[in-house]
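Residue numbers (the working numbering): 348 to 472. Where is the CB? At the ideal position from N, CA and C, for every residue including glycine. Since we're looking at a predicted model, the values are computed, not measured. These notes are about the structure you will find just below.
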């Protein structure tokens, strides 16, 4: 006797891959890039291990206006926010705060807003 397997020929589309990719990118950035940034800017420069003159206004401004620098700043501001808001959205569900679509929209809209501000910030430099 053959088992009765049915294949859904028209599965419902999900938007989760988009959010999971931003979540993963933000988590990876936060785990790998942010600690190095904090080490350099928050520890090595104040201790004098890296000369503070290496981070003078002209050099930092030149870096921020280059494509690599702009992408770095946008990534530093935007990607961890997507990671955090995805965690908040799913954390609310885990804590039995079922906010539904409104909670999802609020979380991802905030991350989108911060991302837009990062891009605007870079364009204004």
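- Taken through DSSP and simplified to helix, strand or coil, residue 462 comes out as helix.
- By the neighbour-count definition (other C-beta atoms within 10 Å, threshold 16), residue 367 is an exposed residue.
- Scanning its chain for C-beta atoms nearer than 6 angstroms, with the 5 sequence neighbours on each side dropped, one finds around residue 435 the residues 454, in chain order.
- When C-alpha distances from residue 433 are compared across 419, 456, 443 and 416, the shortest belongs to 456.
- Between residue 387 and residue 380, the C-beta gap is not smaller than 8 angstroms, which leaves the two residues out of contact.
- Shown here for residue 449: not one same chain residue has a beta carbon closer than 8 angstroms to its own, the five before and five after excluded.
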